[in-house]
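Student: Let me give you the structure first, and then I'll get to my questions.
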Amino acid sequence: MGKQRKNSKRKITDQGEALTKRQEALRREKRNNIIIITLAIFLTVATVVGIILAVGFGTLGWGSKQSFKATHHAVIEIEGYGSVKLELYGEEAHETVNAFVNLAESGYFNGLTFYGIESTSNGVQYLKGGKELNDVDAIYGEYQYNDFDNDILQEKGIISLANAGQDKSYPNKFFIVVSDSERNSYIDGEFAAFGKVISGMSIIESIHSAAQPYDENGSILPNKQPIIKSITTHAAH
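Position in the sequence shown counted from 1, then plus 11, gives you our numbering.
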């Protein structure tokens, strides 16, 4: 009788241990499943965020490959440097392109200079050209902050007109963005962008890097300002 009781107790103990082991195994399996699900969710979120960032930076901002229909081509001949070629986007900034083309074809820019460089508080850098002192009428500012539908973003190589205040732009003062950074987006929509350098960007960068401004406006000494021999334009076909 005593032997049967011992066997019975041992059997119950063995069953209890087996149950405990199964419970522990189930708990481990549950924990592993939770870890796997958590990792899967994390990887999914990371993938989605990566795609969003790739689209954001790849098509809408830093390093983007903007594509607009060129209505005109322009060539800036710079004394001692060579030619800089640009596309102009009249469908995005019609009045701006027309004003720039009219001045160029009249010979207005011949003999003017790249007179300064600029670095905004956000680190956007650009080279300024045309005529520093204004002597032509300002035009309507074709940029988003002026409630105008101009989708050109300020990436490296973009040319824009300087602002004239009161929602206007100076058609005889332009700048070309030199910096290649996501920070460029800080000035998106603030200026009338109207084209982009497609050849000779190294010339613009060389002028910018060699500039030695003498005042807080980034002005280059008159005898050091690269001379614009001419700006010629023609309609795109």
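We put the beta carbon where it would ideally sit given N, CA and C, even for glycine.
Owing to the predicted nature of the structure, the values given are computational and were not obtained by experimental measurement.
Is Ile239 near Glu103, with beta carbons less than 9 Å apart?
Tutor: Along the sequence shown, read from residue 1 onward, the residue named residue 239 stands at position 228. Along the sequence shown, read from residue 1 onward, the residue named residue 103 stands at position 92. No, they are not a contact pair.
Student: My guess is that Val95 and Val208 are in contact by the Cβ rule of under 8 Å, so how many angstroms apart are they, rounded?
Tutor: Along the sequence shown, read from residue 1 onward, the residue named residue 95 stands at position 84. Along the sequence shown, read from residue 1 onward, the residue named residue 208 stands at position 197. Confirmed, Cβ separation roughly 6 Å.
Student: Helix, strand or coil: how does DSSP classify Ala110 here?
Tutor: Taking the first residue of the sequence shown as 1, we reach residue 110 at position 99. Three-state result, Ala110: helix.
Student: Which residues bound the alpha helix (DSSP H) around Ile218?
Tutor: One-based indexing of the sequence shown puts residue 218 at position 207. Residues 212 to 221.
Student: Using the DSSP secondary-structure output, state which residues sit across from Ile238 in a beta bridge.
Tutor: Here residue 238 corresponds to residue number 227 of the sequence shown, with the count starting at 1. According to DSSP, Ile238 bridges with Thr124.
Student: Would you say Ala81 and Ala203 are within 9 Å of each other, going by their C-beta atoms?
Tutor: Residue 81 sits at position 70 when you count from the first residue of the sequence shown. Residue 203 sits at position 192 when you count from the first residue of the sequence shown. For Ala81 and Ala203, no; Cβs fall outside 9 Å.
Student: Within the continuous beta strand (DSSP E) that includes Lys179, where are the two ends?
Tutor: Here residue 179 corresponds to residue number 168 of the sequence shown, with the count starting at 1. 179 to 188 is the span of the beta strand (DSSP E), which, as asked, contains Lys179.
Student: Assuming Gly200 and Tyr154 form a contact by the criterion Cβ under 8 Å, report the distance between their Cβ atoms to the nearest whole angstrom.
Tutor: Against the sequence shown, residue 200 aligns to sequence position 189. Against the sequence shown, residue 154 aligns to sequence position 143. So it is a contact: roughly 6 Å between Cβ atoms.
Student: Per DSSP, His83 forms a beta bridge with which residues?
Tutor: Working through the sequence shown from its first residue, we reach residue 83 at position 72. Looking at the DSSP assignment, His83 forms a beta bridge with Leu99, Ala246.
Student: Mapping the DSSP letters down to three states, classify Glu299 as helix, strand or coil.
Tutor: Here the chain has residues from 12 to 248 only, and residue 299 is not among them.
Student: Can you list, in chain order, the residues of its chain with a C-beta nearer than 6 Å to that of Gly127? Leave out the 5 residues immediately preceding and following it.
Tutor: Residue mapping note: residue 127 aligns to position 116 of the sequence shown, counting from 1. Closer than 6 Å at the Cβ level, and outside the excluded window around Gly127, lie Lys139, Gly229, Ser230, Ile231.
Student: For Pro233, count neighbouring C-beta atoms within 10 Å of its own C-beta (all shown protein chains included) and say buried if the count is 16 or more, exposed if not.
Tutor: Position 222 of the sequence shown holds residue 233. The residue in question, Pro233, is exposed, as its Cβ has fewer than 16 Cβ neighbours within 10 Å.
Student: Apply the 10 Å Cβ neighbour rule to Gly122 and answer buried if 16 or more other Cβ atoms are within range, or exposed otherwise.
Tutor: What you label residue 122 is simply residue 111 of the sequence shown in a count that begins at 1. When all chains shown are included, Gly122 counts as exposed.
Student: Do you know offhand how far Ile242's Cα is from Phe111's?
Tutor: Working through the sequence shown from its first residue, we reach residue 242 at position 231. Working through the sequence shown from its first residue, we reach residue 111 at position 100. The straight-line gap from Cα to Cα measures roughly 10 Å.
Student: If I follow the unbroken beta strand (DSSP E) through Ile170, where does it start and stop?
Tutor: Translated into the one-based positions of the sequence shown, residue 170 becomes position 159. Counting along the chain, the beta strand (DSSP E) containing Ile170 begins and ends at 169 to 176.
Student: Contact check, Leu114 vs Gly206 under 8 Å by CB: the rounded distance?
Tutor: The residue given as residue 114 occupies position 103 in the sequence shown. The residue given as residue 206 occupies position 195 in the sequence shown. Between Gly206 and Leu114 the Cβ distance is about 14 Å, and since that is not below 8 Å, they are no contact.
Student: Are the Cβ atoms of Gly134 and Ser196 separated by less than 9 Å?
Tutor: Taking the sequence shown and counting its residues from 1, one reaches residue 134 at position 123. Taking the sequence shown and counting its residues from 1, one reaches residue 196 at position 185. Their beta carbons are not under 9 Å apart, which means Gly134 does not touch Ser196 by this criterion.
Student: Quick one: give me the first and last residue of the beta strand (DSSP E) that Gln136 is part of.
Tutor: Taking the first residue of the sequence shown as position 1, residue 136 is located at position 125. Residues 136 to 141.
Student: Going by beta-carbon coordinates alone, are His83 and His245 separated by less than 9 Å?
Tutor: If you number the sequence shown from 1, residue 83 lands on position 72. If you number the sequence shown from 1, residue 245 lands on position 234. Yes. Within cutoff.
Student: Can you list, in chain order, the residues of its chain whose CB lies under 7 Å from that of Gln236, leaving out five sequence neighbours each side?
Tutor: Locating residue 236 in the sequence shown gives position 225, where the first residue counts as 1. Only Thr124, Phe125, Tyr126 meet the Cβ criterion.
Student: Have a look at Phe186, Arg39, Ile87 and flag the residue whose alpha-carbon is nearest the alpha-carbon of Ile169.
Tutor: On the sequence shown, residue 169 is found 158 positions in, with the first residue counted as 1. Measuring from the Cα of Ile169, the nearest candidate turns out to be Phe186.
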